[in-house]
Amino acid sequence: MATTLEARRPGSRLKRRNTLLGLSFILPNFLGFATLTLVPVIVLFYLSFTDWNAFGSAGWVGVENFREMLGDARFWTSLRNTLYYSALHIPLTFAVSLGLALLLNRKLRGVAFFRTAAFFPYVTSIVAIAFVWNALYSPDVGPINHLLRTIGIDDPPGWTTSADWSMPAVVLVSVWRDMGYYMLLFLAGLQTIPTELYEAARMDAANAWQRFWNVTLPCLRPTTFFVTVMLTIGSFKVFDIILVMTNGGPGTSTLVLSQYIYDQGFVENDFGYASSVSVVLFLICISVTVVQFVVNKRRAL
Amino acid sequence: MKRSIVGGLSVAALVSLTLTACGGDDTGTDPAAGGGGGSDEPVTISLAGWSLSTTPEFQVLADAFHEQNPDVTVEVNEYDATNYDTQMIADLAAGSAPDMYVLKNLLNFFTYQDGGQLMDVSDVAGSLDENTNGLDAYEVDGTTYAVPYRQDSWYVYYNKDLFTAAGVEEPGECWTWDEYAQKAKDLTTALAATGSDAKGTYQHTWQSTVQGFANAQSPDADILGGEYDYLAPYYERSLDLQDSGAQIDYGTVSTNSLTYQSQFGTQKAAMMPMGSWYVATLLAQQESGDADTFAWGIAPAPQLECTGDDPVTFGDPTGIGINPAIDEDEQAAAKEFLSFIGSEEAAQALASIGITPAYSSDAVTEAYFGIEGVPTDELSKYAFGTHDTRPENPVSEHTAAVQGALGDAHSAIMSGSSSVEDGLAAAESEATSELG
Chain A
1 MATTLEARRP GSRLKRRNTL LGLSFILPNF LGFATLTLVP VIVLFYLSFT
51 DWNAFGSAGW VGVENFREML GDARFWTSLR NTLYYSALHI PLTFAVSLGL
101 ALLLNRKLRG VAFFRTAAFF PYVTSIVAIA FVWNALYSPD VGPINHLLRT
151 IGIDDPPGWT TSADWSMPAV VLVSVWRDMG YYMLLFLAGL QTIPTELYEA
201 ARMDAANAWQ RFWNVTLPCL RPTTFFVTVM LTIGSFKVFD IILVMTNGGP
251 GTSTLVLSQY IYDQGFVEND FGYASSVSVV LFLICISVTV VQFVVNKRRA
301 L
Chain B
302 MKRSIVGGLS VAALVSLTLT ACGGDDTGTD PAAGGGGGSD EPVTISLAGW
352 SLSTTPEFQV LADAFHEQNP DVTVEVNEYD ATNYDTQMIA DLAAGSAPDM
402 YVLKNLLNFF TYQDGGQLMD VSDVAGSLDE NTNGLDAYEV DGTTYAVPYR
452 QDSWYVYYNK DLFTAAGVEE PGECWTWDEY AQKAKDLTTA LAATGSDAKG
502 TYQHTWQSTV QGFANAQSPD ADILGGEYDY LAPYYERSLD LQDSGAQIDY
552 GTVSTNSLTY QSQFGTQKAA MMPMGSWYVA TLLAQQESGD ADTFAWGIAP
602 APQLECTGDD PVTFGDPTGI GINPAIDEDE QAAAKEFLSF IGSEEAAQAL
652 ASIGITPAYS SDAVTEAYFG IEGVPTDELS KYAFGTHDTR PENPVSEHTA
702 AVQGALGDAH SAIMSGSSSV EDGLAAAESE ATSELG
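Residue numbers (our numbering), protein chains in the order written: chain A, 1 to 301; chain B, 302 to 737.
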């Protein structure tokens, strides 16, 4: 039935050809995505219900891993730390990178240099960043505390060597590192805003703040949405900077979920349990993202 | 980042799921040797090692064995040193691991043994004489799964030139931790008076530097017991040394990524508790100029009290086990190799390149102290030859998790983030929930 119908309609052959052509375009990427990401992620969901320890077959344990997680103090600590990190990292990075973008989106002598400079941290090796910042943070001999002492703070924080200050210290470095990237996204968004809108606002005697609030922000909405989603996911799965800067310490003060997963999987060889924690992290990420999509959609109406 | 973990994990999973079926068939290394069997045919067996250019011990063993058994060639496959266990686990799961592999530490021995990745080598163990130390560590329920070839122990390295400059008496065959702490303080004061900024001692950031000694020496120590009061005096002593300035503080070491090799090698500290592997490193660095040239020696680990027994210290053995997927024809050759690495000949070959072999005898000590540059004073010889070395990691499924909790306590206490009591209490509650 379908084929005769298609044969009759002149456009349908073209349509099918276009579909095939389109599929052939995405196929190379999809193959890589499927073998390296999609299938492993599906296997991950299966593994999270097993006690697989890297060798032999994975024994089915049902929801045992998830039940164990409920009573696992270390899991809750790392979840709490992840939320703490995100609560500091998301708004700070957002504000700093938007501020930088606004600052560098005007005609300024040497603007290209400043834009590049702000992007430098993002392309610098994370290990080098950790090494240098750790030295800056050094409690007794580091330049940061030296400066704090000269301006009259007698008892400066211990930064990465203090359980209270280690997380803010790491967040500061990670904001500094990420700001360039998100600034670039904001800059791209700012340049799509038609100048007529600003001119019209000026005609209506809107001051700078009113222009920012009523023209810039609404026109930037697609960008801010994208930045928020990427920032949120990035914050929840933070791993590298913590691993190289503090390795979760002192104590468990900077232990985050991704590192906990790594420890469970590759240090303790409990891949089943590590997979379960990964699933929880995945669910957290996806539910926050869904909420953000819903909110964004409602605002758009 | 998470994606890469999940990805790696799942790829490993996939590989194992699809390849375990054919695992075991593709481990033969030399097709010419595989079919023959019998002892007259030449056989090639493979051994996993790491960083071959800087870690010559594997090739030394392979060459020494080949000299004794010209029919058997041991081929060393190189792995990455830092990811050795991860790569080995993946290769074993995929069935592509070498015939024999080195157990880098005891922490992962349980994983391999429990996962059925080590062949029963009790017959080899039974044929070795009692001079082979560390064999017990590889015994689970009466079955031995690997043979140790090296047995590192922790000593205190000391800089004789700095001791002389400070006018502090060198340690003797037995010294207590209190004497050690006093010497560290005296050295610091005296060296400061001479205008030197060297500290009395250097303690690296590892948890072993405190907990290793406490676990080995305290009468009621048991890291799987879930009670860690016995660690408290060791921590109080370390914190006191740090507060009094006799050793550089933990925060400075960790934030500035200081290395122990440079601290002792460039005379920033007069003493340093460290494992026996550092002897070969220090010799090489003094040769290359990375370390200063100065007179040094090794002293036995300080004790809780001097009782006249052999000084108690700690250190995990390093052993070699056989992959159960090895071809049947090659099993005999692999077992022969294992009994060779536990022998005096192998130990002499290892000792002559600065490695502390698991087998101890006068001939081995002689080979070790025959190396140019090794301190040959009586105390160093005593420290090398006389000690009661306890394994650092008990073999159990809980060891990795409990060591993790104790590692958290270590960084919290040493950085001053929590008091000794609070830090140890947190480790206790975590260990208790892990031990169930």
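Each residue gets a CB set at the ideal place from its N, CA and C atoms; glycine is no exception.
### Message
With a threshold of 8 Å between beta carbons, is G527/B in contact with chain A?
### Response
So, not an interface residue.
### Message
If contacts are defined as beta-carbon pairs under 8 Å, then S454/B and S577/B qualify, I think. What distance do you get, rounded to the angstrom?
### Response
For S454/B against S577/B, the beta-carbon gap comes to about 5 Å, under 8 Å, which counts as contact.
### Query
Can you tell which of S712/B, L584/B, P692/B, L639/B has its C-alpha closest to the C-alpha of P618/B?
Comparing Cα positions, the closest option is P692/B.
### Task
Output the boundary residues of the alpha helix (DSSP H) element that contains Q292/A.
Membership of Q292/A in the alpha helix (DSSP H) is indicated by the continuous run 271–300.
### Query
Along chain B, in chain order, which residues have C-beta atoms closer than 7 Å to that of F266/A?
Chain B residues near F266/A: T387.
### Message
I believe H711/B touches Q512/B by the beta-carbon criterion, under 8 Å. Please report the beta-carbon distance rounded to the nearest angstrom.
### Response
Sure, about 7 Å apart at Cβ, within 8 Å.
### Task
Step through the CB atoms of chain A and report whether any lies within less than 8 Å of the CB of S539/B.
For S539/B, the closest Cβ of chain A is not nearer than 8 Å.
### Task
Can you check the stretch 375–408 of chain B for any beta strand (DSSP E) of at least 3 residues that lies completely inside it and give the ranges in chain order?
For the stretch 375–408 of chain B, whole beta strand (DSSP E) runs of length 3 or above, ordered along the chain, are 401–404.
#### Entry: Where H89/A falls, given that 16 or more other Cβ within 10 Å makes a residue buried
Around the beta carbon of H89/A, 16 or more other beta carbons lie within 10 angstroms, which makes this residue buried.
### Query
CB-CB under 8 Å to N214/A, same chain, minus the five flanking residues each way: which ones, in chain order?
Only A201, A206 meet the Cβ criterion.
### Query
Run through DSSP, which three-state label would G336/B get?
The predicted position of G336/B is uncertain, since its pLDDT is 38 and thus under 50; no value can be drawn from it.
### Message
Considering only DSSP beta bridges, list what L231/A is partnered with.
### Response
Within the DSSP secondary-structure output, L231/A pairs in no beta bridge.
### Query
When the distance is taken between beta carbons, is N624/B closer than 8 Å to Q418/B?
In this structure, N624/B lies closer than 8 Å to Q418/B by Cβ.
### Residue environment, M167/A, which counts as buried when at least 16 other CB atoms sit within 10 Å
Flag for M167/A reads buried.
### Query
In chain B, what lies closer than 8 Å to D140/A by C-beta?
For D140/A, the neighbours in chain B by C-beta distance under 8 Å run, in chain order, D550, G552, T553.
### Query
Under the rule that 16 or more other beta-carbon atoms within 10 Å means buried, what is L283/A, buried or exposed?
With fewer than 16 other Cβ atoms within 10 Å, it is exposed.
### Closest Cα partner of T553/B within the set I26/A, S253/A, T160/A
Ranking the options by Cα distance to T553/B, first place goes to T160/A.
### Query
From the DSSP output, which residues share a beta bridge with M572/B?
Note: M572/B sits in a beta bridge opposite Y459/B, T502/B.
### Query
Between N134/A and chain B, is there a C-beta pair that is closer than 8 Å?
Nearest CB-CB separation between N134/A and chain B: below the 8 Å threshold.
### Query
Who are the neighbours of Q418/B on chain A, taking C-beta pairs under 7 Å?
For Q418/B, the neighbours in chain A by C-beta distance under 7 Å run, in chain order, F55.
### Q452/B - containing beta strand (DSSP E), residue span
Per DSSP, Q452/B belongs to the beta strand (DSSP E) from 448–452.
### Message
Taking the straight line between their C-alpha atoms, what separation do you get for Y182/A and S278/A?
### Response
If you take the alpha carbons of Y182/A and S278/A, they lie about 26 Å apart.
### Query
Is L583/B near G566/B, with beta carbons less than 8 Å apart?
Yes.
### Query
chain B beta carbons: is any one of them nearer than 8 Å to that of T302/A?
It is not possible to answer for residue 302/A, since the shown part of chain A is limited to 1 through 301.
### Query
Would P222/A be called buried (16 or more neighbouring beta carbons within 10 Å of its own) or exposed?
That one is exposed.
### Task
Name the residue from M420/B, G427/B, E731/B whose alpha carbon lies nearest to the alpha carbon of Y446/B.
Of M420/B, G427/B, E731/B, the residue nearest in Cα terms is M420/B.
### Query
Taking the beta strand (DSSP E) that P658/B falls in, what are its first and last residues?
Going by DSSP, P658/B is part of no beta strand (DSSP E) at all; its letter is neither H nor E.
### W60/A - DSSP class collapsed to helix/strand/coil
Look at W60/A here: in three-state DSSP terms it is strand.
### Assigned secondary structure, Q508/B (DSSP; H/G/I helix, E/B strand, else coil)
Q508/B: coil per DSSP, three-state reduction.
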